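I have placed the structure first, in the form of structure tokens, so that the comments after it can refer back to it.
Residue numbers (our numbering): 400 to 477.
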């Protein structure tokens, strides 16, 4: 995923009101669901997600396969 697409997609999803969970799928095959807009911070193509167990997940735009939102919100691939 390009840095620009990464930034635009995450920005749109965290600003959605009411907030809706979304899934980040990584090229490694792992994925996680962002459960709250304040659980993720991102800038310049790098993000930190704080999982419900308080463990940090650090990832960048190049490691993202796709970000999947609920139908009707937005959906971005590669």
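Note that CB positions come from ideal geometry on N, CA and C, so glycine has one too. On a predicted model such as this, the values are computed, not experimentally measured, just so you know.
| query | result |
| --- | --- |
| Report all residues from its chain with a CB closer than 7 Å to the CB of residue 445; omit the five preceding and five following residues, and keep chain order. | 459 |
| If distances are taken between C-alpha atoms only, which option among 400, 401 and 439 comes closest to residue 454? | 439 |
| Does residue 402 pass the burial test, meaning 16 or more other C-beta atoms within 10 Å, or should it be called exposed? | exposed |
| How many Å lie between residue 447 and residue 470 at the Cα? | 25 Å |
| Within 10 Å of its beta-carbon, does residue 477 have 16 or more other beta-carbons around it, so buried, or fewer, so exposed? | The predicted position of residue 477 is uncertain, since its pLDDT is 40 and thus under 50; no value can be drawn from it. |
| In the DSSP assignment, the alpha helix (DSSP H) including residue 411 goes from what residue to what residue? | 402-414 |
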